[in-house]
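Peer 1: In terms of numbering that gives the first Met the number 0, the sequence shown is numbered consecutively and its last residue is 50.
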Amino acid sequence: MKRLRLTLDERYPIQSALLGGFTLEEIALELMCDRSTIHDEVKRGRKHRLA
0 MKRLRLTLDE RYPIQSALLG GFTLEEIALE LMCDRSTIHD EVKRGRKHRL
50 A
């Protein structure tokens, strides 16, 4: 089942992993969720930073 959003506690490791050079696939495996969930969260974060 695809999760629509991650918790705040799950978002911090995404940020750290991205800064560490990990791929979306690697992050998704670590958080045990779909790659598209990670992609959507990253996309949402970029949108809010640009506003």
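Beta carbons are placed, not taken as given, at the ideal position from N, Cα and C, and that holds for glycine. None of these values were measured; they are calculated from a predicted model.
Could you spell out the range, first to last residue, of the alpha helix (DSSP H) harbouring residue 7?
Peer 2: Element bounds for residue 7: 7–18.
Peer 1: What distance in whole Å lies between the Cβ atoms of residue 38 and residue 28, which are believed to be in contact at a cut-off of 8 angstroms?
Peer 2: Going by Cβ atoms, the distance from residue 28 to residue 38 rounds to 14 angstroms, so no, they are not a contact pair.
Peer 1: Leaving out the 5 sequence neighbours to the left and right, which residues in its chain are closer than 6 angstroms to residue 21 when beta-carbon positions are compared?
Peer 2: Contacts found: none.
Peer 1: Label residue 6 either buried or exposed according to how many other C-beta atoms from any shown protein chain fall within 10 Å of its C-beta, with 16 as the threshold for buried.
Peer 2: With fewer than 16 Cβ atoms within 10 Å of its Cβ, residue 6 is classed as exposed.
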